[in-house]
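Before any comments, here is the structure.
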Amino acid sequence: MPMVTVQMYEGRSDEVKAKMIKEISCVVAETSGAPLEQVWIVLSEVPKKHWGMGGVPGA
Numbered sequence: 000m001p002m003v004t005v006q007m008y009e010g011r012s013d014e015v016k017a018k019m020i021k022e023i024s025c026v027v028a029e030t031s032g033a034p035l036e037q038v039w040i041v042l043s044e045v046p047k048k049h050w051g052m053g054g055v056p057g058a
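Numbering follows numbering that gives the first Met the number 0, in which position 21 of the sequence shown is assigned residue number 20; successive positions increment by one, without gaps.
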């Protein structure tokens, strides 16, 4: 069973997260050949103040 973990800034709506889960699951199932029911998606939301990019904090 494929498992995908997505780390992202917090704050997206439940509708957006549900769409992400559905679309990522479909792509993974299609490309891996795994049944859609066996594709796991984990969304991990992180506050911007806990991110940094290019040596600069995200918040």
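Even for Gly, the Cβ is constructed at its ideal location relative to N, Cα and C.
task: Using the DSSP secondary-structure output, state which residues sit across from Thr64 in a beta bridge.
output: The requested residue 64 is not part of the displayed model; the chain covers only 0 to 58.
- request: Give the DSSP bridge partners of Met52, in chain order.
  value: Val55
message: Can you tell me where the alpha helix (DSSP H) holding Ser12 begins and where it ends?
response: Unbroken run through Ser12: none, as it is neither H nor E.
- prompt: Do you know how far the Cα of Glu44 is from the Cα of Cys25?
  reply: 21 Å
query: Would Val55 be called buried (16 or more neighbouring beta carbons within 10 Å of its own) or exposed?
result: exposed
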